[in-house]
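The structure appears below as structure tokens.
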Amino acid sequence: MEGVEVERPLKLHFIPYLAPGHIIPLGDIASLFALRGQQVTIITTPSNAHFFTKSLSSADPFFLRLHTVEFPSLQVGLPDGVECLSSTTGLDTSNKIYEGAMLLHGPIEDFMENDPPDCIIGDALYPWVHDLAHKLQIPSLAFNGFSLFTISLMESLRISNFFHDSDSGSFVVQNFPHCITMCSRPPKIFAGFMEMMLETILKSKGLIVNNFAELDGEECIEHYEKTTCHKAWHLGPASLIRRTDQEKAKRGNESVVSMHECLNWLNSKRDDSVLYICFGSMCFFSDKQLYEIACGIEASSHEFIWIVPEKKGKEDESDEEKEKWLPKGFEERNIGKKGLIIRGWAPQVMILSHTAVGAFMTHCGWNSTVEAVSVGVPMITWPVHFDQFYNEKLITDVRGIGVEVGATEWCLDGVEEKEKVVSRDSIEKAVTRLMNGGDEAEEIRRRAQEFGDKARRAVEEGGSSHNNLLALIDDLKSLRDHKAR
Ligand code: UDP
Numbered sequence: 001m002e003g004v005e006v007e008r009p010l011k012l013h014f015i016p017y018l019a020p021g022h023i024i025p026l027g028d029i030a031s032l033f034a035l036r037g038q039q040v041t042i043i044t045t046p047s048n049a050h051f052f053t054k055s056l057s058s059a060d061p062f063f064l065r066l067h068t069v070e071f072p073s074l075q076v077g078l079p080d081g082v083e084c085l086s087s088t089t090g091l092d093t094s095n096k097i098y099e100g101a102m103l104l105h106g107p108i109e110d111f112m113e114n115d116p117p118d119c120i121i122g123d124a125l126y127p128w129v130h131d132l133a134h135k136l137q138i139p140s141l142a143f144n145g146f147s148l149f150t151i152s153l154m155e156s157l158r159i160s161n162f163f164h165d166s167d168s169g170s171f172v173v174q175n176f177p178h179c180i181t182m183c184s185r186p187p188k189i190f191a192g193f194m195e196m197m198l199e200t201i202l203k204s205k206g207l208i209v210n211n212f213a214e215l216d217g218e219e220c221i222e223h224y225e226k227t228t229c230h231k232a233w234h235l236g237p238a239s240l241i242r243r244t245d246q247e248k249a250k251r252g253n254e255s256v257v258s259m260h261e262c263l264n265w266l267n268s269k270r271d272d273s274v275l276y277i278c279f280g281s282m283c284f285f286s287d288k289q290l291y292e293i294a295c296g297i298e299a300s301s302h303e304f305i306w307i308v309p310e311k312k313g314k315e316d317e318s319d320e321e322k323e324k325w326l327p328k329g330f331e332e333r334n335i336g337k338k339g340l341i342i343r344g345w346a347p348q349v350m351i352l353s354h355t356a357v358g359a360f361m362t363h364c365g366w367n368s369t370v371e372a373v374s375v376g377v378p379m380i381t382w383p384v385h386f387d388q389f390y391n392e393k394l395i396t397d398v399r400g401i402g403v404e405v406g407a408t409e410w411c412l413d414g415v416e417e418k419e420k421v422v423s424r425d426s427i428e429k430a431v432t433r434l435m436n437g438g439d440e441a442e443e444i445r446r447r448a449q450e451f452g453d454k455a456r457r458a459v460e461e462g463g464s465s466h467n468n469l470l471a472l473i474d475d476l477k478s479l480r481d482h483k484a485r
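1 is the number of the first residue of the sequence shown in the UniProt record's numbering; add one for each residue after it.
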């Protein structure tokens, strides 16, 4: 009988937070388990379900299902369908979405009590997952979409009271395996949030990380496990589960450009010649900042694909409105031959994977970062908030696979207007530093490509992430079987 027990698939329930940067990678990680024959259920709300119906096509539907629970729109005072952080129009909407997400506890508990899983994999933004798992007497694993480098760095900063002391000068991080100097501090509201998330992570049985061990580094993993007595499971990069252009293009939202249009344009370009610019799913720069970007990229004279999110409620843009963020004649001079502007959701992983892309100007969201690393593309770093300033340190100071544009100001959300803009000169300087050749640029590109090779090896048979996945499945099975005895 024992052999049969070991082969019985695990029943796993995944609960991603209601934001693309959490939903997309956790969906791919859920697929990894399903592809290995485990029975996976992803729980989300109706308006977020489309992320999975498109995302999960590669996994066998027999092993992977979706369960939706209603979002409490009325209770939190949001219009129907506004259930995802990328549809936010400001801090007030984000807060209400968070409030609604906390209220999902009740219906999810009802669902699980009927038919409990063997383990819950819940986002660390849901502090109630641990209590639910405890009630059902099953383990829970945490996921928060950050790298372990960043989580460890945040934990070291927490211990040194960095988030709360009022000193505004630069700060050398103590009790951390790398020499890191932080120049800007998060607003107080973030500090509380980060502390709550760290606490939730440490209560869980282990942490699932969308990264591969070689990028976080053994020194960082050892430091984390030693200082927190908590286990981290590196299972990524999650995006590498997608092999074909079609699978890559289908990831996340519906793209506003056709896959073929995009590929045809990229196919006409030389290797490493195109600058890809995108600031994630939740960052809306002011017209003034967009104008500086347009001037900076035009001055650099490199080819580009620039993703500009659509302004909420302003889908039809007049020429007058356009001139607020695009210099006169910019489109005539550039669009088509020299560059593309994609207004809305773009197939990022597919674009980044193309050999024509030579650099990525990014807000350093962790998914964007690890997606670029996976395909060996060096970065121009432009952090905006949350974990992004810490990811920038990993990219530039620690791994040397990117250069900074020089952004230092924290934003409360991606919609709020910043006081300072990053100037066209800083943008042009960073682009030419990375894309005009020279010893420094070549060395950065070589290191980025080396990490790209390591990432691909990590997810192959026998690679570090692949081995971790098998070990985690075994671990959870023996916990379940031990409990059943
Ligand atoms: N993304 C995309 N197309 C877009 C914008 C974003 O595919 O036009 C994806 C991107 O590939 C990544 C995710 O959305 O997987 C954004 O996550 P990230 O952590 O980089 O940033 P966030 O949006 O959470 O700030």
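A virtual CB, placed ideally from N, CA and C, is assigned to each residue, including glycine. All of these numbers come straight from a predicted model, not from anything done at the bench.
Counting the other CB atoms within 10 Å of its CB gives Gly100 a total of 16 or more, which places it among the buried residues.
Under DSSP, Ile277 forms a beta bridge with Trp306, Met361.
For Leu12, the enclosing beta strand (DSSP E) starts and ends at 11-15.
Inter-segment contact for the stretch 289-298 and the stretch 419-437 is present: three or more beta-carbon pairs are separated by less than 8 Å.
Excluding its 5 nearest sequence neighbours in each direction, Ser255 has C-beta neighbours in its own chain below 7 Å: Ala249, Trp345, Ala346, Pro347, listed in chain order. The beta carbons of Glu214 and Ala458 sit about 6 Å from each other, so the pair counts as a contact at 8 Å. With fewer than 16 other Cβ atoms from the protein chains shown falling within 10 Å of its own Cβ, Ala484 counts as exposed. Taking C-alpha positions only, Ile159 is separated from Thr381 by approximately 27 Å.
Judged by their CB atoms, Leu240 and Arg456 are nearer to each other than the 9 Å cut-off. Phe171 is bridged by DSSP to Met182. Contact between Met361 and Leu275 holds, with the beta-carbon distance rounding to 6 Å and staying under 8 Å. Rounded to whole angstroms, the separation of the alpha carbons of Val377 and Pro177 is 26 Å.
For the pair Pro309 and Ser286, the CB atoms are not nearer than the 9 Å cut-off. Residue pairing by DSSP leaves Gln246 without any beta bridge partner. For Ser255, the secondary structure class from DSSP, reduced to helix, strand or coil, is coil. Per DSSP, the continuous alpha helix (DSSP H) segment holding Trp128 begins and ends at 128-136.
For Ser464, the uninterrupted alpha helix (DSSP H) segment begins and ends at 464-484. Judged by their CB atoms, Ser464 and His234 are nearer to each other than the 9 Å cut-off.
Between Ala19 and Ser73 the beta-carbon gap is near 17 Å, outside 8 Å, which marks them as no contact. Straight-line spacing of the CA atoms in Ala34 and Gly90 works out to 36 Å.
Here His234 is bridged, per DSSP, to Val209. Distances from the CA of His164 to each of Gly192, Pro139, Leu141 were compared; the closest alpha carbon is that of Gly192. Around the beta-carbon of Glu83, 16 or more other beta-carbon atoms lie within 10 Å, marking it buried.
Placement of the Cβ of Val349 at a distance of less than 8 Å from at least one heavy atom of the ligand UDP is found. If you check the C-beta of Asn144 against the ligand UDP, you find no heavy atom less than 8 Å away.
Residue nearest to Ser156 within the set Tyr224, Ser170, Glu113 is Tyr224 (criterion: CA-CA distance). Contact between Gly122 and Ser94 does not hold, since their C-beta atoms are separated by about 20 Å, which reaches or exceeds 8 Å. In the DSSP annotation of this structure, the continuous segment of the beta strand (DSSP E) that includes Gly339 starts and ends at 339-343. Taken in chain order, the unbroken stretches of alpha helix (DSSP H) that lie wholly in the stretch 386-439 and span 4 residues or more are 388-393, 424-435. Measuring C-alpha to C-alpha distances from Ile208 to each of Leu32, Cys411, Glu442, Leu394 identifies Leu32 as the nearest. For His363, the CB falls within less than 8 Å of some heavy atom of the ligand UDP.
When only Cα atoms are considered, Lys203 and His130 end up about 7 Å apart. With a cutoff of 9 Å on beta-carbon distance, Tyr291 and Lys324 are scored as near each other. Note on Glu303: 16 or more other CB atoms within 10 angstroms of its CB, so buried under the neighbour-count rule. Short note on Cys262: C-beta not closer than 8 Å to any heavy atom of the ligand UDP.
DSSP, reduced to helix, strand and coil, places Leu78 outside both helices and strands of the structure shown, so it counts as coil.
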